[in-house]
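Numbering (full-length UniProt numbering), first residue to last: 1 to 674. Report on one structure; see the data block that follows.
In structure tokens, the structure reads:
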């Protein structure tokens with residue numbers, strides 16, 4: 001029986017080893033046994049979880065030798081031991097091999113021209129990525145320029161470096177860099193590589209003819225030249241304020257001529273380019289003024305229509321020049337006269353900006369523009385209500401429009417209510433005013449006036465009186481008679497309002513599924529009456545009225561109900577007919593009874609009251625379908641019964657014990673036509 005107590009790993013000489021020094025990784029297994037017997041141990045050593053060493057041993061120790069440690073040997077080491085189906089493993093140990101190998105640097109060219117590109121390659125063959133390579137460009141008497149390139153998957157890097165103007169003799173080197181446990185570690189610098197730079201062309205020369213005392217109107221010529229190694233792809237460019245004036249290609253000389261003006265003063269730049277190389281030369285040029293800008297003077301800048309305008313163009317201290325006066329226009333200036341002075345009688349269309357030009361020795365200068373405004377007088381304004389009619393509903397705002405057809409804008413409009421100025425507006429042809437303070441008894445009229453810069457002054461409109469319309473309020477409906485009216489008689493409906501401006505439109509309606517207009521009338525008073533001459537039973541229903549005026553607000557009254565009842569004379573006729581009918585029926589019944597009694601025989605009928613009643617009842621039922629109108633047998637039955645009761649009573653108390661005798665009685669049927 002055996003068991004693993006511990007498995008340990010250690011590094012000799014230490015966990016921090018110098019690059020190039022020998023290094024040993026030792027794995028030790030501590031085991032307890034129940035007896036002295038041999039075991040075979042399988043040792044496996046991992047670096048960053050990757051297998052780096054395996055061995056089989058009879059002892060509990062294994063040794064992994066690294067004769068020359070490199071930075072790539074840096075990592076986490078761990079040992080695993082297996083013996084007879086049992087395994088044990090150590091904790092990981094981090095080993096840091098400090099220092100990196102020296103990189104090598106190569107250049108594809110050792111002799112280049114300005115503007116060309118040098119390709120550099122820096123390599124660390126003994127290191128493993130990820131790495132970072134830093135290239136340095138070293139110039140005499142200047143700080144090295146450093147460029148770093150990360151390489152996550154390779155142990156080398158390539159960089160292209162442009163050779164610039166002034167790079168005569170260049171040196172390059174590089175170094176590597178890696179990150180270990182969040183710390184950067186740099187390698188030693190590589191060998192220095194020397195690159196010789198030659199100029200493809202010399203710095204250009206920029207001159208002017210004449211070289212000094214340049215005055216406006218003089219002919220000035222620029223010359224830019226250089227000396228090149230090879231002519232192909234050479235280009236010379238002349239610039240002023242970043243604007244290209246002229247350029248040539250595959251030539252060593254550029255010429256540019258112009259007539260000097262004040263605007264030509266400034267800094268000029270001559271640039272020579274070939275491939276990626278570029279050299280420049282600057283020259284400052286000063287052009288003296290030949291004559292100042294002319295000045296345009298107007299006799300008046302604001303004047304009335306048909307007035308005379310005088311424009312005069314002059315140069316201070318300079319008389320010999322060719323003058324011209326022009327009018328500015330968006331599509332090009334319009335020449336008016338080639339003279340120093342212009343006289344004209346102006347119209348409204350002459351409003352605009354004017355300038356003058358002066359020419360001396362081919363140099364043309366223009367004056368500052370002068371604005372001329374010509375005004376036509378304003379016409380008498382008209383004041384109106386925006387809605388059309390001169391009226392306003394009480395409680396609503398009133399919008400007024402003051403309009404002046406003629407006159408040069410801008411115009412100043414003023415609105416008055418009575419003698420108070422309510423609003424001032426500046427506009428071209430019209431202005432609006434909104435009066436929100438409308439009162440019922442306000443008697444002040446409205447007016448407006450307008451003016452512009454014409455000397456004629458202010459024009460005033462006529463006074464506008466506005467009618468204030470009071471909306472209709474509180475409509476009510478009544479009738480006479482009220483509530484009930486006899487069929488065929490007359491009724492009068494009265495619709496009235498509490499207040500409202502006249503005239504008022506009154507409309508009378510009967511309330512049905514569809515509103516039915518019965519009558520309408522326009523009245524110049526607060527009420528209207530509608531007479532309906534004949535009321536019929538179908539006129540029973542609910543009535544209401546509506547009132548409105550020019551305020552266009554409909555006011556509806558509360559509804560009233562009118563019932564059409566039967567006339568009194570019709571009631572009398574009906575009552576008389578009922579009484580006559582009842583009297584006729586009574587007389588007929590009496591006649592029938594007497595006739596029946598006459599046919600009855602003298603001997604008394606000796607039968608029981610109940611049997612006679614039953615016979616009579618049967619006779620009645622058999623006779624009933626042949627009876628006419630409202631006659632019924634009930635009266636006859638009652639009389640027979642009464643008659644029988646009196647007969648029975650006359651017989652005395654021995655009636656019940658007496659022997660019953662039966663007698664046949666023949667009853668005749670009434671003639672229904674009698």
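Using N, Cα and C, we set each Cβ at its ideal position, and we do this for glycine too.
Check each candidate in 98, 387, 376 and name the one with the smallest Cα separation from residue 410. Locating residue 410 in the chain shown gives position 410, counting from the first residue. Residue 410 has its Cα closest to that of 376, out of 98, 387, 376.
Hey, would you say the C-beta of residue 303 is under 7 Å away from at least one heavy atom of the ligand ATP? Although the ligand ATP was asked about, the structure shown includes no ligands whatsoever.
Meets three-Cβ-pair contact criterion under 8 Å: the segment 120 to 133 and the segment 172 to 186: yes
For residue 530, tell me which candidate among 344, 399, 516, 545 has the shortest Cα-Cα distance. Position 530 of the chain shown, counting from 1, holds the residue named residue 530. Of the listed residues, the one whose Cα sits closest to residue 530 is 545.
Taking the straight line between their C-alpha atoms, what separation do you get for residue 61 and residue 45? By one-based count along the chain shown, residue 61 stands at place 61. By one-based count along the chain shown, residue 45 stands at place 45. Those two C-alpha atoms are separated by around 12 Å.
Through-space distance from residue 101 to residue 70, alpha-carbon basis: What you label residue 70 is simply residue 70 of the chain shown in a count that begins at 1. What you label residue 101 is simply residue 101 of the chain shown in a count that begins at 1. Between residue 70 and residue 101, the C-alpha separation is close to 8 Å.
Residues bridged to residue 430 [DSSP beta-bridge criterion]: On the chain shown, position 430 is the one that residue 430 refers to. 403.
When you compare the CB positions of residue 325 and residue 343, do they come within less than 8 Å of one another, or not? Here the question's residue 325 lines up with position 325 in the chain shown. Here the question's residue 343 lines up with position 343 in the chain shown. The Cβ-Cβ distance between residue 325 and residue 343 does not fall below 8 Å.
Just list the beta strand (DSSP E) runs in the UniProt domain "Ig-like" (292 to 371), keeping only unbroken ones of 3 residues or longer that don't cross its boundaries, in chain order. 295 to 298, 302 to 304, 308 to 314, 322 to 327, 334 to 337, 341 to 345, 352 to 360, 363 to 366
Buried/exposed call for residue 471, threshold 16 Cβ in 10 Å: Reading the chain shown from its first residue, position 471 is the one you call residue 471. Result: buried.
What does DSSP give as the partner residues of residue 414 in its beta bridges? Position 414 of the chain shown holds residue 414. In the DSSP output, where bridge partners are listed per residue, residue 414 has 424, 449.
Residues near residue 561 by beta carbon distance below 6 Å, same chain, minus five either side: The residue given as residue 561 occupies position 561 in the chain shown. Closer than 6 Å at Cβ, skipping near neighbours: 542.
Where the beta strand (DSSP E) containing residue 454 begins and where it ends: Walking along the chain shown from the start, residue 454 turns up at place 454. Run containing residue 454: none; DSSP gives neither H nor E here.
Residue 39 (DSSP reduced to helix, strand or coil): Within the chain shown, numbered from 1, the residue matching residue 39 stands at position 39. Reduced to three states, the DSSP call for residue 39 is coil.
Considering Cα atoms alone, identify which of 111, 551, 535, 415 is closest to residue 392. Counted from its first residue, the chain shown places residue 392 at position 392. The shortest C-alpha separation from residue 392 is found at 551.
For residue 235, which residues from the same chain have a beta carbon less than 6 Å from its beta carbon, with the 5 sequence-adjacent residues on both sides left out? For the purposes of this step, residue 235 is identified with residue 235 of the chain shown, where counting begins at 1. If we look at residue 235 and ignore the five residues flanking it on each side, its Cβ neighbours are 249, 273.
Whose C-beta lies closer than 8 Å to the C-beta of residue 511 among residues of the same chain, with five residues either side of it excluded? On the chain shown, position 511 is the one that residue 511 refers to. Only 541, 542, 543, 544, 559 meet the Cβ criterion.
What did DSSP end up calling residue 383 once you bin it into helix, strand or coil? Mapped onto the chain shown, residue 383 falls at position 383. Taken through DSSP and simplified to helix, strand or coil, residue 383 comes out as strand.
Does the contact criterion of 3 or more C-beta pairs under 8 Å hold for the segment 138 to 149 versus the segment 216 to 227? no
Exposure of residue 43, with buried meaning 16 or more beta-carbon neighbours within 10 Å: By 1-based counting over the chain shown, the position of residue 43 is 43. By the 10 Å Cβ count, residue 43 comes out buried.
Can you tell me which of 88, 442, 201, 445 puts its alpha carbon nearest to the alpha carbon of residue 41? What you label residue 41 is simply residue 41 of the chain shown in a count that begins at 1. Closest by alpha carbon: 88.
Relative to the C-alpha of residue 314, which candidate in 331, 10, 340 has its C-alpha closest? On the chain shown, residue 314 is found 314 positions in, with the first residue counted as 1. Nearest C-alpha to residue 314: 340.
Count the other CB atoms, across all protein chains shown, that sit within 10 Å of the CB of residue 548; report buried if there are 16 or more and exposed otherwise. Position 548 of the chain shown, counting from 1, holds the residue named residue 548. Buried, by the Cβ-count rule.
If I'm right that residue 509 touches residue 528 with Cβ under 8 Å, what's the distance once you round it to whole angstroms? Position 509 of the chain shown, counting from 1, holds the residue named residue 509. Position 528 of the chain shown, counting from 1, holds the residue named residue 528. Contact flag wrong, Cβ pair sits at about 13 Å.
What do you reckon, are the CB atoms on residue 255 and residue 223 nearer than 8 Å? Here residue 255 corresponds to residue number 255 of the chain shown, with the count starting at 1. Here residue 223 corresponds to residue number 223 of the chain shown, with the count starting at 1. Yes, these two residues count as a Cβ contact at 8 Å.
Endpoints, the beta strand (DSSP E) within which residue 557 is located: Residue numbering aside, residue 557 sits at position 557 when the chain shown is read from its first letter. Residue 557 -> no beta strand (DSSP E), and no H or E assigned at all.
Backbone secondary structure at residue 504 - three-state DSSP: Taking the chain shown and counting its residues from 1, the one referred to as residue 504 is at position 504. DSSP places residue 504 in strand when its eight states are reduced to three.
Collapsed DSSP secondary structure at residue 260 in the structure displayed: In the chain shown, counting from the first residue as 1, residue 260 sits at position 260. Of the three classes helix, strand and coil, the one that applies to residue 260 here is coil, per DSSP.
Rounded to whole angstroms, what is the Cα-Cα separation between residue 320 and residue 259? Numbered from 1 along the chain shown, position 320 holds the residue referred to as residue 320. Numbered from 1 along the chain shown, position 259 holds the residue referred to as residue 259. Their backbone Cα atoms lie some 20 Å apart in a straight line.
Taking Cβ positions, are residue 427 and residue 413 nearer each other than 8 Å? The sequence position of residue 427 within the chain shown is 427, counting from 1. The sequence position of residue 413 within the chain shown is 413, counting from 1. Yes, these two residues count as a Cβ contact at 8 Å.
Taking the Cβ atom as the reference point for each residue, do residue 163 and residue 119 lie within a distance shorter than 8 Å? Locating residue 163 in the chain shown gives position 163, where the first residue counts as 1. Locating residue 119 in the chain shown gives position 119, where the first residue counts as 1. Cβ atoms of residue 163 and residue 119: not closer than 8 Å.
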